[in-house]
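Sequential numbering from 2 applies to the sequence shown in this note's numbering. Have a look at the structure below before the remarks.
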Amino acid sequence: MSFTKLFLIAVGLSMDAFAVAMCKGLNMKKLNYKHGAVIALFFGLFQGGMPLLGWAVGISFEKYVVRIDHWIAFVLLAFIGGKMIFEALKGEDDECCADDKLDLKDLTVMAVATSIDALAVGISFAFLKIEIIPAVSLIGVTTFILSFVGVIVGNNFGTRFKEKAELLGGVILIFIGLKILLEHLGIMA
2 MSFTKLFLIA VGLSMDAFAV AMCKGLNMKK LNYKHGAVIA LFFGLFQGGM PLLGWAVGIS
62 FEKYVVRIDH WIAFVLLAFI GGKMIFEALK GEDDECCADD KLDLKDLTVM AVATSIDALA
122 VGISFAFLKI EIIPAVSLIG VTTFILSFVG VIVGNNFGTR FKEKAELLGG VILIFIGLKI
182 LLEHLGIMA
């Protein structure tokens with residue numbers, strides 16, 4: 002898989018973390034770069050770690066599903082992308098916190114919740130023979146950067162862009178899943 006495709010997957014997966022980081026930034030009375038870095042670190046580590054875990058699970062079952070791996074990758078990416086689009090269009094604001102304190106327990110729960118999708122992507126990485134260390138590193142670093150930016154954007158502009166970010170992330174993941182499917186079926190080179 003090319004760097005561009007992996008980067009687009011990383012951006013797509015980062016959108017939930019970006020949206021939650023925006024909420025955390027919104028709730029800061031004054032922008033706190035140290036808190037922003039901690040938030041971004043949590044999201045980046047979990048977003049990079051979950052695909053690694055998914056990849057390990059996928060490798061275990063690879064021999065049983067090798068003939069349909071492209072369909073599994075497509076279904077997982079399309080489902081994750083569709084879920085993100087649905088949540089963006091639904092417009093719920095359930096991930097924002099009510100205060101600006103940095104509670105590591107709550108931050109861990111939010112990091113896990115926003116990275117569950119990355120676990121499924123990691124499973125598809127196993128079937129697609131993706132080199133996992135560069136892939137999870139790119140996902141983790143991209144999420145770290147976008148989450149840090151999200152805190153800043155949230156603090157400066159509020160949650161105006163939350164739904165648009167999730168919508169864009171969902172569309173990106175669906176298109177990548179479709180491209181993987183079409184390439185494996187020989188429809189697209």
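Beta carbons: idealized from backbone N, C-alpha and C, even for Gly. Everything numeric in this text was worked out from a predicted model, so none of it was measured.
In the structure shown, Ile131 adopts coil according to DSSP, grouped into three states.
When C-alpha distances from Met111 are compared across Ser138, Ala22 and Leu120, the shortest belongs to Ala22.
Beta-carbon to beta-carbon, Phe44 and Ala11 are separated by about 12 Å, too far to satisfy the 8 Å threshold.
Taking C-beta atoms under 8 Å as the contact rule, Ala41 and Phe145 qualify, at a distance of about 5 Å. Contact check for Leu53 and Val172: beta-carbon distance about 25 Å, past the 8 Å limit, so the pair fails to qualify. Contact between Ala79 and Gly178 is confirmed by a C-beta separation of about 5 Å, below the 8 Å threshold. One Cα belongs to Lys91, the other to Gly83, and the distance between them is close to 12 Å. If the five residues before and after Ala121 are omitted, its C-beta is found closer than 7 Å to the C-beta atoms of Gly55, Leu77 and Ile81, all from its own chain and listed in chain order. Spatial neighbours of Lys180 in its own chain (CB-CB distance under 8 Å, excluding positions within 5 residues in sequence) are listed in chain order as Lys6 and Met189.
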